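Each residue of the sequence shown is one higher than the one before, counting from 1386 in this note's numbering.
Note that the Cβ used here is the ideal one computed from N, Cα and C, for glycine as well.
In this text the structure is predicted, and so the values were computed from the model without any measurement.
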Amino acid sequence: MMPYSGCWTQHEWGKAVGKSQLLLQPSWLLRGLGPGTLVGSAAFDLFPIHAVCVVVPKAGTLKKISDIGVWLVELFWSFWAYVWLYIILEVWTPTMITLSEAVLTVLQFGLLLVHAYVQDKQWPYLSIPLGRSDRPEEWVPENETLFINGHDTRESNDNCCEILQVSEGQQSNVVDIFSIHSSKDTDLVYKIIPDNDTEEPSELYCNKMVDNKRDVLSVWMQQFLDALRLESTESKKMVSFYLWIGRVLWKLILMPWRLLFAFVPPYQIAHGWIAFIGSLSFISGIAYVVTKLTEGISCVTGINPYVIAFTALASGTSWPDLVASKIAAERQITADSAIANIICSNSVNIYIGIGIPWLIDTTYNFFVYQEPLYIQNAGGLSFSLLVFFTTSAGCIAVLLLRRITLGAELGGPKLWAWLTATYFMFLWLVFVVLSSLKVSGKI
């Protein structure tokens, strides 16, 4: 999901035209960037990201959605979000957004969360009833241990330490710090093994967080050193020269961005809040620059901005979703996280990504000018939504067919996985081509 920086009012433009009624036009909607990006992002999430997730698992590995009820809830709210977008832009109050519409748009995100939570908890009369067979086998323990004769607590003897391997040339590693506590009369035993210059791996047992300024500054300095380093430990171990060159070139391409985000303070400061706010600020600034660049490219090349919005701009905003879903499809034993990230991203784009800017603008206009937010309809929006709904029905149908025949939505035999991925990419191309032809006046 892209942090949306658009949807602002243009008071200077309204004064220049000399109208008695202030015409507030968000520049993203005037040029088709807003709805085009949202619909295009939804198509990219649903088709190319699903295609990647299907082929990512190892050959023969099947990963299915364990909680189909929650997935159906998310799917419903995702589709309803774009139906709602069409209603408020084309049917309910054409050419304007009212304060009530903006409030309802944002509140629907809360309804999505409540509905998904209710379904996950399997509340009677409020959730879709599912059989136990739809749950993964890991949820039902094979062995259960009972303590009798009044013994309700037991001291754990599990090994809670981990030895970190630091290879030659590696500058840093990650240590997860967790709190150790006891109950009743159990004593805590701390053991500190000093680090010494031996060939054996170093073992470090920590019982407190280090928060002095020297360590924080060293971590911050390390961020800049890592951003400027072209060769990592993994690249040094590569046998193939071409793979090594590819890795170094990739690091070189990412260096400006890595160096830029190295200015974000370390998360050790203020429990990570400063890093969180700083990252959001950088992302918002990048989103604003990308939007302006898109407008400039459209002006110079003559390409319809709506086409740029639902192709290049939408693909760029959905790239983090692609990475997140790919990692989830690789590492999770089920498909819940990978597919839920795709479906929820589409709904959040509407409820939050466009809902909050609408809410800010309409609230300001309501109290200052007693006017709604006037907009200009984006060309081809209704047609793009129609194509999106049609192609998405084909995508969901294939996912359900894979669950019935193969027993899972992701993975399976490589042949069928690649055929499914090819089909999903074909649906995305159909969406892009038809939408482009429509806004270009070809159909």
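Just so you know, the alpha carbons of residue 1634 and residue 1627 end up roughly 10 Å apart.
Counted as a single uninterrupted DSSP element, the alpha helix (DSSP H) harbouring residue 1783 occupies residues 1766-1790. For a cut-off of 8 Å, the C-beta gap from residue 1758 to residue 1481 is around 6 Å, short enough to register as a contact.
For the pair residue 1675 and residue 1789, the Cα-to-Cα distance works out to about 43 Å.
Shortest Cα-Cα distance from residue 1751 to any of 1438, 1457 and 1488 involves 1488. By the neighbour-count criterion, in which a residue is buried when 16 or more other Cβ atoms sit within 10 angstroms of its Cβ, residue 1736 is buried. The beta carbons of residue 1706 and residue 1730 sit closer together than 7 Å. Excluding five sequence positions before and after residue 1769, the CB atoms of its chain that fall closer than 6 Å to its own CB belong to 1424 and 1820, given in chain order. Of the candidates 1665, 1691 and 1457, the residue whose Cα lies closest to the Cα of residue 1822 is 1691. Residue pairing from DSSP places residue 1448 in a beta bridge opposite 1795. Proximity to residue 1493 across 1715, 1637 and 1467 peaks at 1467, based on C-alpha coordinates. When the Cα atoms are used, residue 1641 and residue 1679 turn out to be separated by approximately 20 Å.
Cβ atoms of residue 1816 and residue 1774 stay farther apart than 8 Å, at about 10 Å. The beta carbon of residue 1776 sits closer than 7 Å to those of 1812, 1815 and 1816, all from its chain and outside the five residues before and after it, given in chain order. The alpha-carbon of residue 1661 is positioned some 14 Å away from that of residue 1670. Residue state for residue 1758 is assigned as strand, using DSSP reduced to three classes. In the DSSP annotation of this structure, the continuous segment of the alpha helix (DSSP H) that includes residue 1506 starts and ends at 1484-1506. Scanning its chain for C-beta atoms nearer than 6 Å, with the 5 sequence neighbours on each side dropped, one finds around residue 1644 the residues 1612, in chain order. Residue pairing from DSSP places residue 1481 in a beta bridge opposite 1759. By the Cβ neighbour-count rule, residue 1755 is exposed, with fewer than 16 other Cβ atoms within 10 Å of its own.
The way I'd put it, the region 1433-1442 doesn't touch the region 1454-1472; fewer than three beta-carbon pairs between them come closer than 8 Å. Selection 1421, 1649, 1422 and 1455 evaluated against residue 1664 yields 1649 as nearest (Cα-Cα). By a beta-carbon distance limit of 8 Å, residue 1722 contacts residue 1713. Their separation comes to about 4 Å. When secondary structure is reduced to three states using DSSP, residue 1615 falls in the coil class, being assigned neither helix nor strand.
Counting along the chain, no alpha helix (DSSP H) covers residue 1474, and no H or E run does either.
Note on residue 1681: under 16 other CB atoms within 10 angstroms of its CB, so exposed under the neighbour-count rule. Counting along the chain, the unbroken alpha helix (DSSP H) around residue 1740 starts and ends at 1740-1753. Between residue 1795 and residue 1438, the beta carbon gap of about 5 Å places them in contact (Cβ cut-off 8 Å).
Just measuring C-alpha positions, the residue of 1652, 1693, 1478 and 1724 sitting nearest residue 1450 is 1724. Here residue 1787 is buried: its Cβ has 16 or more other Cβ atoms, across all protein chains shown, within 10 Å. Under the criterion of beta carbons closer than 8 Å, residue 1504 and residue 1455 qualify as touching, at roughly 5 Å.
By the CB criterion at 7 Å, residue 1700 and residue 1693 fall outside the cutoff. One alpha carbon belongs to residue 1607, the other to residue 1655, and they sit about 19 Å apart. Nearest neighbour of residue 1421 by Cα position, chosen from 1826, 1711 and 1689, turns out to be 1689.
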